[in-house]
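Numbering (my numbering), first residue to last: 15 to 288. Backbone N, C-alpha and C fix where the C-beta goes; we use that ideal spot for every residue, glycine too. Only one structure is covered here, and it is reproduced in the block below.
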Amino acid sequence: MRIRRLKLSGFKSFVEPSELRIEPGLTGVVGPNGCGKSNLLEAIRWVMGEGSPKSLRGGGMDDVIFAGTATRPPRDFAEVSILLERQPGDEGPTGESEVVRRIERGSGSAYRIDGRDVRAKDVSLLFADAATGAHSPALVSQGKVGSIISAKPTERRLLLEEAAGISGLHARRKDAEQKLRATETNLSRLAELLSDQEQRAAQLRRQARAAERYRQLSDKIRAAEARLVHARWVEADLAATAALKEAKDAEGKWHPCRAQWQTPSRHRTKQPHR
Ligand code: ATP
């Protein structure tokens with residue numbers, strides 16, 4: 015991977031949009047003290063995902079935004095874009111890719127790769143796969159040459175790993191380990207949820223059995239009540255038939271008298287008292 019171009023706008027002393035082309039060979043930036051040479055290297059580290067304002071010589075991340083001068087007002091945002099070129103043999107598809115980081119005062123940073131919004135992690139992985147990144151020992155800041163010479167073996171190991179091109183694998187392993195830990199946590203939560211659900215299912219099974227027993231008993235009670243009503247009805251019907259028969263018999267007994275009453279009214283004499 016090669017860095018072809020760096021564009022800055024509102025970043026530190028680069029208030030106006032500025033472009034730095036990095037051509038094949040050696041590119042140097044020459045200028046007097048305090049003209050902003052170190053700011054350029056910091057811009058490269060910042061766009062690669064640097065998260066520590068201290069290592070960018072600031073107190074907070076908003077300090078990378080142009081803070082204004084006696085004659086110019088401060089800016090509300092800073093943006094740095096880096097144009098990368100991948101050659102055959104490099105990780106990922108070949109061709110150009112543009113990575114942009116933008117910060118707005120009080121709102122934090124946002125990243126884009128080829129116009130797509132991405133996470134900071136995606137950007138650091140892209141550079142880690144190319145064996146570089148914001149913390150690459152290949153980016154030597156002002157006054158840091160000595161620290162490389164006197165580096166501890168573990169720090170020197172980072173340098174060697176980067177040269178061997180395996181720092182991307184390390185980043186991915188860390189990522190995979192984090193995902194594994196998150197999955198393990200999810201699995202143990204799932205096991206807890208499963209045991210809760212099993213308890214609840216057992217309780218529901220007990221309730222279902224009780225409900226089924228209640229339904230069967232209700233059916234039996236309804237059938238018994240129906241039989242009782244039927245028996246009462248049969249009893250009442252028999253009583254009614256008996257009463258009717260009794261009434262008819264009684265009526266039959268009165269018949270001779272009625273025959274006597276059935277004489278025409280003009281001949282009727284005074285009716286006898288019942
Ligand atoms: P030296 O050779 O002394 O290290 P340099 O050329 O590397 O200098 P830098 O240290 O990159 O210069 O730039 C420092 C300049 O950037 C200073 O003039 C400082 O005022 C300016 N600067 C840094 N941060 C901001 C900011 N947020 N807003 C405005 N100017 C800034």
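Pocket of the ligand ATP (residues with CB nearer than 5 Å to any heavy atom), chain order: Lys26, Ser27, Asn47, Gly48, Cys49, Gly50, Lys51, Ser52, Asn53, Phe80 and Ala81
Straight-line CA distance for Ser23 to Lys158? Locating residue 23 in the sequence shown gives position 9, counting from the first residue. Locating residue 158 in the sequence shown gives position 144, counting from the first residue. The C-alpha of Lys158 is placed about 26 Å away from the C-alpha of Ser23.
To the nearest angstrom, how far is it from the Cα of Arg119 to the Cα of Arg16? For this step, residue 119 is matched to residue 105 along the sequence shown. For this step, residue 16 is matched to residue 2 along the sequence shown. Computed Cα separation, rounded: 31 Å.
Excluding the 5 residues preceding and the 5 following Glu33 in the sequence, name in chain order all residues of the same chain whose CB lies nearer than 6 Å to its CB. Numbered from 1 along the sequence shown, position 19 holds the residue referred to as residue 33. For Glu33, where only same-chain residues beyond five positions count, the Cβ hits under 6 Å are Lys21.
Identity of the residues DSSP links to Leu34 by a beta bridge: Against the sequence shown, residue 34 aligns to sequence position 20. In the DSSP output, where bridge partners are listed per residue, Leu34 has Leu20.
Whether Arg203 touches Leu97 by CB criterion (7 Å): As a position in the sequence shown, residue 203 is number 189, starting the count at 1. As a position in the sequence shown, residue 97 is number 83, starting the count at 1. It is not a contact, given that the beta carbons lie outside the stated cut-off.
On the DSSP bridge assignment, give the partners of Phe25 in chain order. The residue labelled residue 25 in the question sits at position 11 within the sequence shown. Per DSSP, Phe28 and Ile79.
Would Leu70 and Glu56 qualify as a contact pair, given that the criterion is a beta-carbon distance under 7 Å? Numbered from 1 along the sequence shown, position 56 holds the residue referred to as residue 70. Numbered from 1 along the sequence shown, position 42 holds the residue referred to as residue 56. Yes; because the gap between Cβ atoms is below 7 Å, this pair is in contact.
Can you give me the Cβ contacts of Arg133 inside the same chain, cut-off strictly under 6 Å, excluding the 5 residues immediately before and after it? Translated into the one-based positions of the sequence shown, residue 133 becomes position 119. Nothing meets the Cβ criterion.
What residue does the beta strand (DSSP E) around Leu70 start on, and which one ends it? By one-based count along the sequence shown, residue 70 stands at place 56. Where Leu70 is concerned, there is no enclosing beta strand (DSSP E), given that its DSSP letter is neither H nor E.
Mind checking which residues open and close the beta strand (DSSP E) that includes Arg115? Position 101 of the sequence shown holds residue 115. Gly109 to Glu118 is the span of the beta strand (DSSP E), which, as asked, contains Arg115.
Do Glu99 and Glu110 have their CB atoms nearer than 7 Å? Taking the first residue of the sequence shown as position 1, residue 99 is located at position 85. Taking the first residue of the sequence shown as position 1, residue 110 is located at position 96. Taking 7 Å as the Cβ cut-off, Glu99 and Glu110 qualify as a contacting pair.
Verify whether the separation of the beta carbon atoms of Phe25 and Val78 is less than 7 Å. One-based indexing of the sequence shown puts residue 25 at position 11. One-based indexing of the sequence shown puts residue 78 at position 64. Contact annotation: Phe25 and Val78 have beta-carbon atoms nearer than 7 Å.
Is Gly42 closer than 7 Å to Lys51 when the C-beta atoms are compared? The residue you call residue 51 lines up with position 37 of the sequence shown. The residue you call residue 42 lines up with position 28 of the sequence shown. Contact flag unset, no.
Can you tell me which of Ala205, Arg186 and Glu206 puts its alpha carbon nearest to the alpha carbon of Phe141? The count along the sequence shown starts at 1 and reaches residue 141 at position 127. Nearest of Ala205, Arg186 and Glu206 to Phe141, Cα basis: Arg186.
Identify, in the order they occur along the chain, each residue of the same chain with its Cβ nearer than 8 Å to the Cβ of Gly72, setting aside the five sequence neighbours on each side. Taking the first residue of the sequence shown as 1, we reach residue 72 at position 58. If we look at Gly72 and ignore the five residues flanking it on each side, its Cβ neighbours are Val78.
Helix, strand or coil for Gly122, going by three-state DSSP, please let me know. In the sequence shown, residue 122 corresponds to position 108, counting from 1. Annotated three-state conformation of Gly122 is strand, per DSSP.
If you follow the alpha helix (DSSP H) that Ile96 is part of, which residue opens it and which one closes it? Taking the first residue of the sequence shown as 1, we reach residue 96 at position 82. That residue, Ile96, is in no alpha helix (DSSP H); its beta strand (DSSP E) goes Phe91 to Arg100.
Cα-Cα separation between Trp275 and Ala261, rounded to whole angstroms: Counting from 1 along the sequence shown, the entry for residue 275 is found at position 261. Counting from 1 along the sequence shown, the entry for residue 261 is found at position 247. Reliability of the predicted coordinates at Trp275 is poor, the pLDDT of 47 falling under 50, and the value obtained from them is presented with this limitation in mind. Their backbone Cα atoms lie some 20 Å apart in a straight line.
Hey, which unbroken runs of the beta strand (DSSP E) at 3 residues or more fall wholly within the stretch 123-205? Within the stretch 123-205, the complete beta strand (DSSP E) segments at least 3 residues long are 130-132, listed from N- to C-terminus.
Taking only the alpha-carbon atoms, compute the straight-line gap between Thr146 and Gly106 and give it to the nearest angstrom. The residue you call residue 146 lines up with position 132 of the sequence shown. The residue you call residue 106 lines up with position 92 of the sequence shown. Distance between the alpha carbons of Thr146 and Gly106 is about 14 Å.
C-alpha distance - Arg288 paired with Asp263, whole-angstrom precision: As a working note, residue 288 is residue 274 in the sequence shown. As a working note, residue 263 is residue 249 in the sequence shown. Its pLDDT being 49, under 50, Arg288 is placed unreliably in this model, and the value from its coordinates should be taken loosely. Their Cα atoms are separated by approximately 18 Å.
Where does Ala84 sit, in a helix, a strand or coil, going by DSSP? What you label residue 84 is simply residue 70 of the sequence shown in a count that begins at 1. In the structure shown, Ala84 sits in coil (DSSP, three-state: anything other than H, G, I, E or B).
Rounded straight-line distance, which links the Cα of Ile235 to that of Glu265: By 1-based counting over the sequence shown, the position of residue 265 is 251. By 1-based counting over the sequence shown, the position of residue 235 is 221. Taking the straight line from one Cα to the other gives about 44 Å.
Just to confirm, is the Cβ distance from Ala148 to Gly74 under 7 Å? Your numbering for residue 148 matches position 134 in the sequence shown. Your numbering for residue 74 matches position 60 in the sequence shown. No, Cβ-Cβ distance for Ala148 and Gly74 is not below 7 Å.
Kindly list the residues whose CB is nearer than 8 Å to the CB of Trp60, restricted to its own chain and excluding five residues on each side of it in sequence; keep chain order. To locate residue 60, count along the sequence shown from 1; it is residue 46. Phe25, Leu70, Val78, Val94, Arg115 and Ala148, listed in sequence order.
Answer with buried or exposed for Pro87, where buried requires no fewer than 16 other C-beta atoms within 10 angstroms of its C-beta. Locating residue 87 in the sequence shown gives position 73, where the first residue counts as 1. Exposed.
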